[in-house]
Structure formats: C-alpha cells, structure tokens
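Novice:
Number of protein chains: 2
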Amino acid sequence: MRGIARLARELGVSTATVSRALNGNPNVNEATRQKVLEAAQRLGYAANQAARSLAQGVTRSVGFMIELDQESTTSTDYFFMGVVEGMQAVLAAHGLDLLVLPCAKSQDNFTFLQRFVSRGAVDGLILAETRRIDRRIDLLKSSGIPFVTLGRSDSGSGYSWIDLDFEGVMATAVERLVRHGHRRIAVTVPSNDANYGAIFAQAYRDNLARHGLGFDEALIFPTRRREDDGDSIVDGILDRPDPATAIILFYEVTAIGIYRRLAERGLEPGRDLSIIGFRGEESVRFLMPQVTCFQMSLQDLGTAAARALLAQMPMTARAFPSGIVQTRVPLSLVPGESDGPVCPREG
Amino acid sequence: MRGIARLARELGVSTATVSRALNGNPNVNEATRQKVLEAAQRLGYAANQAARSLAQGVTRSVGFMIELDQESTTSTDYFFMGVVEGMQAVLAAHGLDLLVLPCAKSQDNFTFLQRFVSRGAVDGLILAETRRIDRRIDLLKSSGIPFVTLGRSDSGSGYSWIDLDFEGVMATAVERLVRHGHRRIAVTVPSNDANYGAIFAQAYRDNLARHGLGFDEALIFPTRRREDDGDSIVDGILDRPDPATAIILFYEVTAIGIYRRLAERGLEPGRDLSIIGFRGEESVRFLMPQVTCFQMSLQDLGTAAARALLAQMPMTARAFPSGIVQTRVPLSLVPGESDGPVCPREG
DNA sequence: ACACCGATTGTAAGCGCTTACAATCGAGGG
DNA sequence: CCCTCGATTGTAAGCGCTTACAATCGGTGT
Numbered sequence: 001m002r003g004i005a006r007l008a009r010e011l012g013v014s015t016a017t018v019s020r021a022l023n024g025n026p027n028v029n030e031a032t033r034q035k036v037l038e039a040a041q042r043l044g045y046a047a048n049q050a051a052r053s054l055a056q057g058v059t060r061s062v063g064f065m066i067e068l069d070q071e072s073t074t075s076t077d078y079f080f081m082g083v084v085e086g087m088q089a090v091l092a093a094h095g096l097d098l099l100v101l102p103c104a105k106s107q108d109n110f111t112f113l114q115r116f117v118s119r120g121a122v123d124g125l126i127l128a129e130t131r132r133i134d135r136r137i138d139l140l141k142s143s144g145i146p147f148v149t150l151g152r153s154d155s156g157s158g159y160s161w162i163d164l165d166f167e168g169v170m171a172t173a174v175e176r177l178v179r180h181g182h183r184r185i186a187v188t189v190p191s192n193d194a195n196y197g198a199i200f201a202q203a204y205r206d207n208l209a210r211h212g213l214g215f216d217e218a219l220i221f222p223t224r225r226r227e228d229d230g231d232s233i234v235d236g237i238l239d240r241p242d243p244a245t246a247i248i249l250f251y252e253v254t255a256i257g258i259y260r261r262l263a264e265r266g267l268e269p270g271r272d273l274s275i276i277g278f279r280g281e282e283s284v285r286f287l288m289p290q291v292t293c294f295q296m297s298l299q300d301l302g303t304a305a306a307r308a309l310l311a312q313m314p315m316t317a318r319a320f321p322s323g324i325v326q327t328r329v330p331l332s333l334v335p336g337e338s339d340g341p342v343c344p345r346e347g
Numbered sequence: 348m349r350g351i352a353r354l355a356r357e358l359g360v361s362t363a364t365v366s367r368a369l370n371g372n373p374n375v376n377e378a379t380r381q382k383v384l385e386a387a388q389r390l391g392y393a394a395n396q397a398a399r400s401l402a403q404g405v406t407r408s409v410g411f412m413i414e415l416d417q418e419s420t421t422s423t424d425y426f427f428m429g430v431v432e433g434m435q436a437v438l439a440a441h442g443l444d445l446l447v448l449p450c451a452k453s454q455d456n457f458t459f460l461q462r463f464v465s466r467g468a469v470d471g472l473i474l475a476e477t478r479r480i481d482r483r484i485d486l487l488k489s490s491g492i493p494f495v496t497l498g499r500s501d502s503g504s505g506y507s508w509i510d511l512d513f514e515g516v517m518a519t520a521v522e523r524l525v526r527h528g529h530r531r532i533a534v535t536v537p538s539n540d541a542n543y544g545a546i547f548a549q550a551y552r553d554n555l556a557r558h559g560l561g562f563d564e565a566l567i568f569p570t571r572r573r574e575d576d577g578d579s580i581v582d583g584i585l586d587r588p589d590p591a592t593a594i595i596l597f598y599e600v601t602a603i604g605i606y607r608r609l610a611e612r613g614l615e616p617g618r619d620l621s622i623i624g625f626r627g628e629e630s631v632r633f634l635m636p637q638v639t640c641f642q643m644s645l646q647d648l649g650t651a652a653a654r655a656l657l658a659q660m661p662m663t664a665r666a667f668p669s670g671i672v673q674t675r676v677p678l679s680l681v682p683g684e685s686d687g688p689v690c691p692r693e694g
C-alpha cells in the first residue's frame, strides 16, 4: 500500500480525511489536520501528480513554449531568464508550476504545441516568438485552453497578448533624430518571420510619415542578431547620392559591426552617423561612445504575461479584473552618445 | 463520454483495443490499428497525460531544473539555450518531453526539487548549477529517481555528472603562458558558491605547482559575471612589487573591464598583460586584440547530459552502454592576440 | 469431426486521488 | 428523553487509461 492510503492507515483515518486535510478543505477537525500534516511532512509524502490531475481534471501547471534557435546566443538566454523569472514569481504565488517547453526549431511548432494541449498536460499556455500568422493561436483559441502570447499576431484578436511597445520606441527614436535635424533615417529589421519585425518596420514607416519624411526602401536593412552586417549597412547607407545620417537598430548588436566599419572609414558614431539601438543589450554596453538605446524590465514583461494568463484561468480569474488583456510594455530611452545633431557633410 | 471511450464507441471496438492500437502493442490487427490511428488523427485525440501516467506509473518526461538569479549572473543563463537544445533533441528522439523547471533564487531549491520528485511529476532529472555540497543530490539518490547533474559536487560519487573540463582548460592555459615565459599568473574565479569555482581554483593551484610556480593568494580575484571588476584587478595585479604578467579569467566578460583599465594606464593587452579567457562569450568577441579563449559546444554538453540520463532510465537504459557516467567535456583553445611572451618591464 | 492453437478482441481490475453522499456522534432544544 | 442539527469522518464512485486474463474465432493436424 502506498501513497495516500499508506498515510491514512498509518494515522487510522480514511483516505478522504487525509485528502481533505492536505487540500485545505474546511470540513476537517483542526487537530486531525495537524496530525495529517505532520505525518505527511515526516514521511515526505506529496500527492501523486498524475492521480491528482486525473481526479481534479486540472494540472496546476502552465507551459511556456519557447523555440530553440540553432544560433542561440547568450542574450536570447538573457532575455529568456528575465522573462521566466517574472512569470515564475507570479505563477508560484498562485500555486502554479511553470513548465518551460522547449521546441526545437527543426520540429513543427504546431504539432509540438498540439501534443501538450490535447494531452491536457498544462492548464494554460504562454507562447513566445509569435508569428505574423500563427496557427498556434487558432489552435489554442479553438481548444479553449487559457493562453497568452508574448507578441502580437494577425491571427484574430480575441485573446490576450503582451508585447513590447515597438510603436512607442520608434516614435521616440524618430522624433529624437528629427529634432537633431535628421531627414534621412535608416533602419534595420529582423530578417526572420516573427511578427515583431513587421511591426517595427510599419512603425518606422508611420513615424517617417508623421514627420513628413520620405520613405526609401533602400534604407531598410534586414539583419540577424549578430554583429557582422556592419559593413554592408554602413556602406549601403553612405555610398549613395543621398546618404542617411542616422539609423535605428532592431538588433543592437549590429552596432558593433557598424562601429567597426565606421572606424575603418575614419568616421565616428554619433557625429558622422547617429545610431539608436533598440534594447540595451549586454554585448553592446561597452561600446564607446555609448549607444543610445531603450530599456525595459524583462521581469515586468514576464509578470504581465503571467497575470494576463491568470486572468483567464477559472482557478484564479476572480482575483483579476479584466479578461482579455492586450498590453504594450513601454521602454524607456537611455541616452548615450551614439546620436546627435546632423554633421554637415564635407565636400 | 470522452477520451478513449468516445473513440472506442465511434469505432465500435473496446477501449482496450484502442489503447493497444495507439501504443504500438503488437496484439492488434493491423487493419484495426489503422482505423484507430485514422480516427484519432481525425478527431484530434491524444491520450490524457494524467490518466496515462497514473495507469503506467510513468510520465515520459524529464525535468531540467535551473535557477533564476535576480541579477542573471549565474552560469546557467548564458548556457541555457544551447544546452537545452542538445538535451531536447536527444530526449525527443526517445519519446521523452523535456520540461524546464525554473526555480527562483529566492526559494529553497531543495524544497522546490523535492516537490517535483515526490509528486512523481517527472521520470528523470537534470540539475544545473551544482553546489559543492548539494543536498539535492542526496535527495535524488535516496529517492531512486534517475538523474544527472551538470557539474560535479562533493556529495558522494554514485551518480552521473557531466562537467566542463576545467582541469584541462587550466592545464592548457597555464602551460601556454609558461611557455611564453610567464611566472606570475593571476586568475579570476566566480564569487558564488557553485562548485565550478572551487574546481577552477584548485586546477589553477595544481597547474602552478606542476610548473614549479609559487602560489600567491593575492593573485586570485573573485568576480561576478560582469565587466566592472577590471580596475581593481588590473591595479591589484600591477601595483605591487612583484606584478603578475598574465591572468586567466573565469568569466570572460571581465576582459572588457581589464582592457579598459589597461588602456587608461597606457598599457596594451597581450603585450603588457597576457589574458586568457575561459569560454568564448559573445560580448567579448569584438574586443581588440581578440581574447585568447576556450570554446565548446553547448549542444554537445546538453546531448551528453541527456544520454547519461537515458542510460539510467529503465525505459531507455538498454540502448546505452554504461550506467553511471562521469564526463568532462573538453574545450578547445581559440588563440587570439590577448596573450604572448612576457614583455620586459621598463624601469 | 474434434481438440488445439495462435491471432485478435473484450472484460474488468486497478493506478492514487478527489468528492458527493451517507453515516456517526454529541450537543442543544423542546 | 427524543429529535434536530452541525461538525466530522467514512464509503465508494469515479477521473481516463493500461493491461492481465478470459473469451472468441478461424484454421490445423490427425
């Protein structure tokens, strides 16, 4: 005999009583509860997860699905850790376990997710790296499981998401540059198919328009999260009849390559080319002159996501006001010396 | 009626047959199996995880416990994606799900782990960030659950671990420096209580001794994973009667601060101070002169850990040779220009 | 034609826990 | 002293799936 039955026999009570005592059911004599708790503690007993889930129809755990990139870099980790920390804290406070579910880039993320959902392995889900059109969202919506996405998509709107305020960032960046007299502003965007790339690019366009600046396809540079696009970007920006005088970077590491190329050409960041980075990234923190960038709390992003999820889970929903939440987390500008007034071109 | 019963009724067979068909039991008519598979596919059926686990006494999932640091300065955080990728690939190939279990630094990691173990939430565990004396290892050993640690500990020896070959790294580094004529070699070590710090320090001592070099406590600098210890290190090394001429870094980011301080003092990395980093970190890659460092595949580390775990799980053990595995993953030297022959001191 | 056998399927007993419902007990009311 | 009621505990029916064991069926050997 094992599990709860053993405990029950040991104490000379029924399994029902033990179960009640352990689960905080009020219909138990307080003295009995103490006995049970003590015995459980002493024997290191904890209810079997599977049995409990089966009986209750609830797992008390939520999944955070992430995708593993071959090129995984340290600051993906950095991003990840911060966000997870925020989520974990909130969820734990409500008695929920956070299970991070890593999906290999090589396997179909839809199928991956579907397995966890249809097997009822988690009570709720948080998705990262949302695609512009993301079948996973339809899957979750139709399955009825509570979920939240980190990042918007175009797949319908009846669901909660938390995203960075790309629009706000872009507005601030462009305005700052315009105020410095820049009229030709380049931008880098991610070359993958995640939705944030499209949003970033759109915000770029919108803000140029707002300031009456012309849009030039040639000033948009798709980049990956690595520093080695600097050459082509710098050359692409400057070696043209109407060179840009500023650039806004989606991936801040790109600044490294840009700095390097500028140096090779005898130019200086902040003077000959204004540069604004997106998110203060570790590997860029040490560049001189310091990169003007935006900053945010990863933990806050995580807690916001977790709260939005809790608001949808029957178990916890009553503690939260609104059902569906769609939030853009604002970033704050961290002024550096990588941008400044337009430098009059010589020649 | 739901779940397998519904499927069974739909097909006019018993639940037993459906179960068998779905689980690859050979005692099913192939035609029947196809029918079942087809129907399951069509109805999007997947066996309820909890029920299945309860019936089988097995979850088909393994946990990877990581710790979340407020300041994200642990080693796990720039390890994570790569290692998880390796693990996930191996585990998935054996039909196991990888659940990453994040434990807040603020909560007791022993209790955290215990819950998952005693609730039978996973069939196996991988631990990261092993302490020198780690109660978790005793817990896992006594609980009988298969497990592997990423990093050694002093807590007994009857278990599998995978670790970096700190000794090999240190031997190579010291030998390289000695060959360059260095006799006074400093080192940085992590300031936390993870076991790798002690190992690194010990290997340092051993290798000095091997080359007949004296050991000087003053040349050991505890550091965190951030760049700003450079000043105190550089000054501490040089402003003394018998300055060191080389330094080996545990956290490679320290190089950034060191480079900066050296520059301030009009000194040059590689000439005035030889620097060898431990693991090629992204944020250091762009330093000039390039930092001589060591490199490894995080994926390989992950696959090694996963394999070592599989070797202990009854389900998969037969596919693997040895039971207990204790491996040191070697790193390879990536020569840069941050180290070289001792530069004769002027004055 | 009959016992026997392998292939296939059905029956039903759990897996360990929760929980609706029944049972018990002592106290207070009439 | 009997009845009612609240507090507490026990009984037992599942939760959805697996699997030992029994049952069925067509084919074989003799």
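Chains as they are written, first to last, in the working numbering: chain A, 1 to 347; chain B, 348 to 694.
A virtual CB, placed ideally from N, CA and C, is assigned to each residue, including glycine.
From a predicted model like this one, the values you see are computed outputs, not experimental measurements.
1. Determine the DSSP secondary structure at E684 (chain B), reduced to helix, strand or coil.
2. Just the Cα atoms here: how many angstroms apart are S679 (chain B) and L645 (chain B)?
3. With DSSP as the reference, identify every bridge partner of E414 (chain B), one or two as the case may be.
4. Using a Cβ-Cβ distance under 8 Å, would G270 (chain A) count as near chain B?
5. Please report the residue range of the alpha helix (DSSP H) in which L164 (chain A) lies.
6. Starting from S118 (chain A), find everything on chain B with Cβ-Cβ shorter than 8 Å and list it in chain order.
7. Name the chain A residues whose beta carbon is nearer than 8 Å to that of F633 (chain B)?
8. Exposed or buried, which one is F426 (chain B) when buried takes at least 16 other CB atoms within 10 Å?
9. Assuming G120 (chain A) and P146 (chain A) form a contact by the criterion Cβ under 8 Å, report the distance between their Cβ atoms to the nearest whole angstrom.
10. Would you say the stretch 152-169 of chain A touches the stretch 208-226 of chain A, given that touching needs at least three Cβ pairs under 8 Å?
11. With a 10 Å radius around its C-beta and 16 neighbouring C-beta atoms as the bar for buried, classify M348 (chain B) as buried or exposed.
12. Using 8 Å as the threshold, is the C-beta distance between V430 (chain B) and G649 (chain B) below it?
13. Report the residue ranges of all alpha helix (DSSP H) runs contained in full by the stretch 578-630 of chain B; include only those spanning at least 4 residues, in chain order.
14. Using a Cβ cut-off of 7 Å, pull out every chain B residue sitting near A89 (chain A), in sequence order please.
15. Less than 8 Å between the beta carbons of R225 (chain A) and V189 (chain A), yes or no?
16. Candidates B:G583, B:D575 and B:D619: which alpha carbon is nearest I567 (chain B)'s?
17. Below 9 Å on C-beta distance, what does R557 (chain B) contact in chain A?
18. If A591 (chain B) sits next to I532 (chain B), beta carbons under 8 Å apart, how far is it from one beta carbon to the other, in whole angstroms?
19. Write down the C-beta distance between S630 (chain B) and E282 (chain A) rounded to the nearest angstrom, noting that I regard them as a contact closer than 8 Å.
20. Quick one: complete alpha helix (DSSP H) runs, 4+ long, within the stretch 288-322 of chain A?
21. Are the beta-carbon atoms belonging to I275 (chain A) and I247 (chain A) less than 8 Å from one another?
22. Is it right to say G491 (chain B) is buried, meaning 16 or more other beta carbons lie within 10 angstroms of its own, or is it exposed?
23. Are the beta-carbon atoms belonging to G442 (chain B) and R407 (chain B) less than 8 Å from one another?
24. Hey, does S538 (chain B) have any beta-carbon neighbour from chain A nearer than 8 Å?
25. For chain B, is any of its Cβ atoms less than 8 Å away from the one on F80 (chain A)?
26. Apart from the five residues just before and just after V351 (chain A), which ones in its own chain have a Cβ nearer than 8 Å to its Cβ?
27. Three or more C-beta pairs under 8 Å: does that hold for the stretch 383-395 of chain B against the stretch 98-111 of chain A?
28. Would you mind reading off the limits of the alpha helix (DSSP H) that contains R52 (chain A)?
29. Do you know whose CA, among A:R260, A:R307, A:T32 and A:E10, lies nearest L273 (chain A)'s CA?
30. Counting only beta-carbon atoms, is L304 (chain B) nearer than 8 Å to chain A?
31. Candidates B:P688, B:Q454 and B:A652: which alpha carbon is nearest V437 (chain B)'s?
32. Taking 8 Å as the CB-CB limit, is E357 (chain B) close to chain A?
33. Tell me, which residues are paired with I126 (chain A) by DSSP?
34. Taking CB distances under 8 Å as the criterion, tell me whether A468 (chain B) reaches chain A.
35. Output needed for D231 (chain A): all residues of its chain with C-beta closer than 6 Å, excluding positions within five of it in sequence on either side, in chain order.
36. Runs of 3 residues minimum, wholly inside the stretch 208-232 of chain A: which ones carry the beta strand (DSSP E) assignment?
Specialist: The relevant details are as follows:
1. Working through the second sequence from its first residue, we reach residue 684 (chain B) at position 337. Three-state result, E684 (chain B): coil.
2. Working through the second sequence from its first residue, we reach residue 679 (chain B) at position 332. Working through the second sequence from its first residue, we reach residue 645 (chain B) at position 298. Rounded to the nearest whole angstrom, the C-alpha separation of S679 (chain B) and L645 (chain B) is 13 Å.
3. Start at 1 with the first residue of the second sequence, and residue 414 (chain B) comes out as number 67. E414 (chain B) pairs with B:C450.
4. Locating residue 270 (chain A) in the first sequence gives position 270, where the first residue counts as 1. No, its Cβ sits nowhere closer than 8 Å to a Cβ of chain B.
5. For this step, residue 164 (chain A) is matched to residue 164 along the first sequence. Note, L164 (chain A): premise wrong, no alpha helix (DSSP H); beta strand (DSSP E) at S160 to L164.
6. Looking up residue 118 (chain A) in the first sequence gives position 118. Here the neighbours are G391, Y392 and A393.
7. The residue labelled residue 633 (chain B) in the question sits at position 286 within the second sequence. Against chain A, a Cβ distance below 8 Å from F633 (chain B) picks out E227, I256, R260 and S283.
8. By one-based count along the second sequence, residue 426 (chain B) stands at place 79. Under this definition F426 (chain B) is a buried residue.
9. Looking up residue 120 (chain A) in the first sequence gives position 120. Looking up residue 146 (chain A) in the first sequence gives position 146. 13 Å between Cβ atoms; not a contact.
10. Because the criterion of three Cβ pairs below 8 Å is not met, the stretch 152-169 of chain A and the stretch 208-226 of chain A do not touch.
11. The count along the second sequence starts at 1 and reaches residue 348 (chain B) at position 1. Taking every protein chain shown into account, the CB of M348 (chain B) has fewer than 16 other CB atoms within 10 angstroms, so this residue is exposed.
12. Position 83 of the second sequence, counted from the start, is the residue given in the question as residue 430 (chain B). Position 302 of the second sequence, counted from the start, is the residue given in the question as residue 649 (chain B). Contact flag set, yes.
13. Within the stretch 578-630 of chain B, the complete alpha helix (DSSP H) segments of 4 residues or longer fall at 601-611, listed in chain order.
14. Residue mapping note: residue 89 (chain A) aligns to position 89 of the first sequence, counting from 1. Simply A451.
15. Translated into positions along the first sequence, residue 225 (chain A) becomes position 225. Translated into positions along the first sequence, residue 189 (chain A) becomes position 189. No.
16. Reading the second sequence from its first residue, position 220 is the one you call residue 567 (chain B). Closest option to I567 (chain B), judged by alpha-carbon separation, among B:G583, B:D575 and B:D619: B:G583.
17. Position 210 of the second sequence, counted from the first residue, corresponds to residue 557 (chain B). Correct list: empty, because the minimum Cβ distance to chain A is about 33 Å.
18. Locating residue 591 (chain B) in the second sequence gives position 244, where the first residue counts as 1. Locating residue 532 (chain B) in the second sequence gives position 185, where the first residue counts as 1. Indeed, because the Cβ distance is near 6 Å, the residues count as touching under 8 Å.
19. What you label residue 630 (chain B) is simply residue 283 of the second sequence in a count that begins at 1. What you label residue 282 (chain A) is simply residue 282 of the first sequence in a count that begins at 1. Contact annotation, S630 (chain B) with E282 (chain A): C-beta distance approximately 5 Å; criterion of less than 8 Å satisfied.
20. Runs of the alpha helix (DSSP H) inside the stretch 288-322 of chain A: 298-310.
21. If you number the first sequence from 1, residue 275 (chain A) lands on position 275. If you number the first sequence from 1, residue 247 (chain A) lands on position 247. In this structure, I275 (chain A) sits near I247 (chain A), with a CB-CB distance shorter than 8 Å.
22. To locate residue 491 (chain B), count along the second sequence from 1; it is residue 144. With fewer than 16 Cβ atoms within 10 Å of its Cβ, G491 (chain B) is classed as exposed.
23. Your numbering for residue 442 (chain B) matches position 95 in the second sequence. Your numbering for residue 407 (chain B) matches position 60 in the second sequence. Yes; because the gap between Cβ atoms is below 8 Å, this pair is in contact.
24. Here the question's residue 538 (chain B) lines up with position 191 in the second sequence. No, its Cβ sits nowhere closer than 8 Å to a Cβ of chain A.
25. Within the first sequence, residue 80 (chain A) is the residue found at index 80, counting from 1. Yes, its Cβ sits closer than 8 Å to a Cβ of chain B.
26. The structure shown does not extend to residue 351 (chain A), since chain A spans only 1 to 347, so no value can be given for it.
27. The stretch 383-395 of chain B is not in contact with the stretch 98-111 of chain A.
28. Taking the first sequence and counting its residues from 1, one reaches residue 52 (chain A) at position 52. Element bounds for R52 (chain A): Q49 to Q56.
29. For the purposes of this step, residue 273 (chain A) is identified with residue 273 of the first sequence, where counting begins at 1. Nearest option by C-alpha distance: A:R260.
30. No answer is possible for residue 304 (chain B): it lies beyond the span of chain B, which begins at 348 and ends at 694.
31. Counting from 1 along the second sequence, the entry for residue 437 (chain B) is found at position 90. Looking at the Cα atoms, B:A652 is the closest of the given residues.
32. Counting from 1 along the second sequence, the entry for residue 357 (chain B) is found at position 10. It does not; no Cβ of chain A falls within 8 Å.
33. Here residue 126 (chain A) refers to the residue found at position 126 of the first sequence. According to DSSP, which records beta bridges pairwise, I126 (chain A) is partnered with A:F64 and A:V148.
34. To locate residue 468 (chain B), count along the second sequence from 1; it is residue 121. So, interface residue.
35. The residue given as residue 231 (chain A) occupies position 231 in the first sequence. Scanning its chain for C-beta atoms nearer than 6 Å, with the 5 sequence neighbours on each side dropped, one finds around D231 (chain A) the residues R261, in chain order.
36. You should have 220-223.
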